[in-house]
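Enquirer:
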Amino acid sequence: MAAAPNSGLMADSVKDAAIAALLVAVLGFFFFALRTDIGTGGLDLTYRWGMWFTAIAIVFAGRLLLNLFVFKTAKPVTSGITITVPAALTTVVGRFLGPVLLLMAVGLPFIVMVLFPDRDRQFIDLAILIMTYVMLGWGLNIVVGLAGLLDLGYVAFYAVGAYSFALMAQYLNIGFWTALPLAGLLAATWGIILGFPVLRLRGDYLAIVTLAFGEIIRVVLLNWYDFTGGPDGISGIPKPSFFGLDFSRTGGFAEYFGLDYSTIHRFIYLYYIILALALITNFVTLRLRKLPIGRAWEALREDEIACRSLGINTTNTKLTAFSIGAMFAGFAGSFFATRQGFISPESFTFLESAIILAIVVLGGLGSQIGVVIASVVMIGGIELLRNLGFLKEVFGPDFEPTQYRMLIFGLAMVLIMVWKPRGIISSRNPSAVYKERKKISSDMVAQGEGH
Amino acid sequence: MEPAMKTTPTQNWDTNVVLSVEHLTMRFGGLLAVNDLSFNVGRGDITALIGPNGAGKTTVFNCVTGFYKPTEGRIVMRHGKGFQSEKIEALTRTGRQFNDDGDDRVFLLERMPDFEISKRAKVARTFQNIRLFGGMTALENLLVAQHNPLMLASMMTIGGIFNLPGYKKARAEAIDFAAYWLEKTGLIERADDPAADLPYGDQRRLEIARAMCTRPHLLCLDEPAAGLNPRESTELNNLLQYIRKDHGTSILLIEHDMGVVMEISDHVVVLDYGEKISDGSADQVKNDPRVISAYLGVDEDEVAAVEAMIEMPPSERTPIPAKPAASKAKKKPGKNGKGGKS
Ligand SMILES: Nc1ncnc2c1ncn2[C@@H]1O[C@H](COP(=O)(O)OP(=O)(O)O)[C@@H](O)[C@H]1O
Ligand SMILES: [Mg+2]
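Those protein sequences? They're chains A and B, same order as listed.
Residues 820 to 1270, numbered by the numbering used here, are exactly what the first sequence covers, in order.
Residues 153 to 494, numbered by the numbering used here, are exactly what the second sequence covers, in order.
Structure representation (structure tokens):
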């Protein structure tokens, strides 16, 4: 008796592994086994049977082992592995994580200057980039995390913000600080204009149409050559001034304050601008969450029909979420324009939307700290992978680590999603408390449209 | 309006009407779900809408609360006393949704979008498959129900962002009001628990509490007793009686459990295949042969026998081969009952 289920398991597992191997054989035939190169007078065909067989063998063996020990057995080996974190630790970390991160963020440029004196520009620039994504993540979190509207075209509003400032600077000679609120306002207006027809759709339709709108904006920017410069983009976008002081060699910030001129001043200044913008985004979001409008967003994510039965105008509620999210993207966009000094439609592709969405989803829908962690890991991680020079020591001089960047990155994402399907920080803080504040586990929280 | 079976000369629902459904017809493609239905809901009454499964009860609710646009017919909601016929006729001719004079407003619900019906006409509802905000606490659920007044108090969010005193006060009052209803529904201990965590019976009561937080004139409950145990059922009866007495809220409920219906309703309307087959006090309806035949699935000539049995105390009844029609399906307390028709 005892042997029977075991042999059944073996047979099942082998069969399953064989099917997987067959699939790899079919699919891999064109990718692994055949290789075409452009040669003289046509294409050269080379056969790589070794590679093909190796791939099949790896899949067969891997699948077989997984079947035997995880998928099909009664006692998967993984069942023993549970990562338990003591509750006391998580609450302590939960309480102090925010303030500690904030302090670190505020002191960051100086920490970097002390620790890495010769690479400080590079690191501060990276911090600026990460902070931009934090801000974008927080903005998108309003739309996706709170209101539960899956927006795949968020980058469109980032583009609107960037181009608003760039065009205003080019045609009207308007400076950054004047353009910033206008860019936010314009992006919010576009949010309403696009949102009005789109937000009647639900679920997957909403996701697809927002994606399309994102692309439309990019394509318009690309093709309206006379106005936007098309693929050439816009260059010479002015840098922000510090209360009227430029960061120039003479007569600027450094001279006024009696400092030695250094380009790092401008980096630090830009860093603090984006830090302030991001913190404003965070502050406003946290406040809105506790206000009736924010609660209505979350209710909308939970159940739209119930919302309407309670007298909530769901169209307006969605529009506010959409346009406030767009506004913050607009701010971030004009910051991006001023930081880069040059923008073109290249910077606003769908990939950008996907990265921002990934930050929000990985961080945990609706979680503000989660967005920070996910941005640091994703954006910082991608940059870090560029610097994997030491791997050359291991794999020999031909090994090019940057080529594997996206592979490692993808693997990391899959792992996080397996380990924490609801994102890194997966609990919800109630917006109002009667007696005792209790965290709400994310299994109960609905994800809204199109997830 | 409606030539009901008038055994007693005047009934509250003939003279003091809060809601009148007039010649309501609802068609889904070829299916006639509600056919030329007319009935009144008396102010301060508990009115029961009963009928076998698929009779069209929920469809009537969805028409009243604006979730469906009726194919034909008129649905009038009155805030003021009396029938106000001239005012309603005048309003009907104008093409407007409601008239704006003071407290005596009348509303033509078939013209209004769903959220306006709750917001202005003050008709609140619950759903056959519970629709709570599962990931939000019980308290938050009740605060969402007070969205519109809170929104005004927060000056459309601007005053709220700066936490102006006016908003702070309104917020505290809203929490007090929510706590009051949590108290009344016996849920105050669970105020800070997510709604999805509550047992089924509690979820039903929380949904009623949430509807009451919109301060309705008319509360529509779709099978509130479905899936409740006898003790919870009794508690529910008490709650409904309390709502009616102390808040003067009229109640329209759909119910399968005849025990509940007979015990608490002042007025019963019976639907079958989308048509009204009986309308009157609980006693009148109970003895109406058409109701018995529809409910028990027997021919009208067998009714006498059935009637005799109904007179008996329940313990002595021999079971009648029950039709699934009147079966009380226990529904799963779905976390977010999306997709389901209600
Ligand atoms: N949205 C809809 N589309 C099509 N048919 C519907 C819809 N809603 C209800 N119906 C049909 O109308 C009839 C009455 O349904 P319903 O009002 O839910 O009955 P009850 O609540 O009395 O059990 C049923 O035949 C149902 O299938
Ligand atoms: Mg029903």
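Every residue, glycine too, gets a C-beta built ideally from N, C-alpha and C.
Computed from a prediction, not measured in an experiment: that's the story for all the values here.
1. Just the C-alpha distance for A:Ala839 and A:Ala1231, rounded to the nearest angstrom, thanks.
2. Against chain A, does B:Pro222 count as a neighbour if the rule is that its beta carbon must be under 8 Å from one of theirs?
3. Using a beta-carbon distance below 8 Å, is B:Val170 in contact with chain A?
4. Going straight from the alpha carbon of B:Ile472 to that of B:Ala446, what length do you get?
5. Can you give me the C-alpha to C-alpha distance between B:Thr470 and B:Ile403, rounded to a whole angstrom?
6. Where B:Leu405 and B:Thr199 are concerned, what is the direct C-alpha to C-alpha distance, given to the nearest angstrom?
7. Whole angstroms are fine: how far does the CA of B:Asp328 sit from the CA of B:Glu341?
8. First and last residue of the alpha helix (DSSP H) that includes B:His299?
9. Say whether the region 1106 to 1123 of chain A touches the region 1146 to 1155 of chain A, bearing in mind that this needs 3 or more beta-carbon pairs closer than 8 Å, one atom from each stretch.
10. Would you report the Cα separation of B:Val437 and B:Asn381, rounded to the nearest angstrom?
11. Report the rounded CA-to-CA distance for A:Leu1176 versus A:Ile1036, giving the unit in angstroms.
12. So A:Thr1133 contacts chain B; which residues on that side make the cut at Cβ distance below 8 Å?
13. A:Ile877: buried (16+ other C-beta within 10 angstroms of its C-beta) or exposed?
14. Give me the Cα-Cα distance between A:Ala1265 and A:Arg914, rounded to the nearest whole angstrom.
15. Note down the Cα distance separating A:Leu795 from A:Leu1203, rounded to an integer number of angstroms.
16. If you check the beta carbons only, do B:Ala326 and B:Leu295 fall under 8 Å apart?
17. Could you give the DSSP three-state label for B:Met178: helix, strand or coil?
18. If distances are taken between C-alpha atoms only, which option among B:Asn168, B:Val275, B:Leu260, B:Ser433 comes closest to B:Met364?
19. As a quick check of your reading: which residues have a C-beta less than 5 Å from at least one non-hydrogen atom of ligand 1, in chain order?
20. Specify whether the region 220 to 233 of chain B and the region 163 to 179 of chain B touch according to this definition: at least 3 beta carbon pairs, one from each stretch, less than 8 Å apart.
21. If you follow the beta strand (DSSP E) that B:Ile429 is part of, which residue opens it and which one closes it?
22. Is the beta carbon of B:Phe267 closer than 8 Å to that of B:Val258?
23. Please confirm whether A:Ser1186 has its beta-carbon closer than 8 Å to some beta-carbon of chain B.
24. Find the nearest neighbour of B:Arg277 within the set B:Leu176, B:Asp354, B:Ala297, B:Leu350, judged by alpha-carbon distance.
25. Note down, in chain order, each residue of its chain lying with its Cβ closer than 7 Å to the Cβ of B:Asp197, except the 5 sequence neighbours on either side.
26. Determine whether the beta carbon atoms of A:Gly1183 and A:Ile949 lie at a separation below 8 Å.
27. Between A:Pro1000, A:Val1039, A:Thr997, A:Leu969, which lies nearest to A:Val1027 when the distance is taken from Cα to Cα?
28. How would you list, in chain order, the residues of chain B whose beta-carbon sits under 7 Å from the beta-carbon of A:Pro1000?
29. Among residues of its own chain, excluding the 5 on either side of A:Gly1003, which ones have a beta-carbon nearer than 6 Å to its beta-carbon?
30. What are the start and end residues of the beta strand (DSSP E) that includes B:Asp409?
31. Is B:Ile559 near ligand 2, going by C-beta to nearest heavy atom under 7 Å?
32. Tell me which residues share the same chain as B:Gly426 and place their Cβ nearer than 8 Å to its Cβ, disregarding the 5 neighbours each side in the sequence.
Expert: In brief:
1. Our two residues, A:Ala839 and A:Ala1231, have alpha carbons roughly 23 Å apart in a direct line.
2. no
3. no
4. Its pLDDT being 45, under 50, B:Ile472 is placed unreliably in this model, and the value from its coordinates should be taken loosely. Rounded to the nearest angstrom, the two C-alpha atoms are 14 Å apart.
5. Note on B:Thr470: pLDDT 48, under 50, position unreliable in the model; the coordinate value appears next. Their Cα atoms are separated by approximately 34 Å.
6. 6 Å
7. 14 Å
8. 299 to 305
9. no
10. 25 Å
11. 18 Å
12. Phe267
13. exposed
14. 25 Å
15. The question about residue 795 of chain A has no answer here: the residues shown for chain A are numbered 820 through 1270.
16. It is a contact, given that the beta carbons lie within the stated cut-off.
17. strand
18. Nearest C-alpha to B:Met364: B:Val275.
19. B:Phe180, B:Ala185, B:Asn205, B:Gly206, B:Ala207, B:Gly208, B:Lys209, B:Thr210, B:Thr211
20. In short, these stretches touch, since the Cβ pair count reaches three.
21. 427 to 432
22. no
23. With respect to chain B, the C-beta atom of A:Ser1186 has no partner C-beta closer than 8 Å.
24. Answer by Cα proximity: B:Ala297.
25. Here the set comprises Asn164, Trp165, Ser402, Asp418, His419.
26. no
27. Reading the sequence as shown, one finds Ile at residue 1027 of chain A and not Val. Among A:Pro1000, A:Val1039, A:Thr997, A:Leu969, the Cα nearest to that of A:Ile1027 belongs to A:Leu969.
28. Against chain B, the beta carbon of A:Pro1000 has no neighbour under 7 Å; the closest one sits roughly 16 Å away.
29. Taken in chain order, the residues that qualify are Met1146, Gly1149, Phe1150.
30. First-last for B:Asp409: undefined, no H or E at that position.
31. Within the shown structure, residues of chain B are numbered from 153 to 494, placing residue 559 of chain B beyond reach of any answer.
32. Short of 8 Å from the beta carbon of B:Gly426, and not among the five residues preceding or following it, lie these beta carbons of its own chain, in chain order: Met178, Leu184, Ala185, Val186, Asn187, Leu189, Ala207, Gly208, Thr211.
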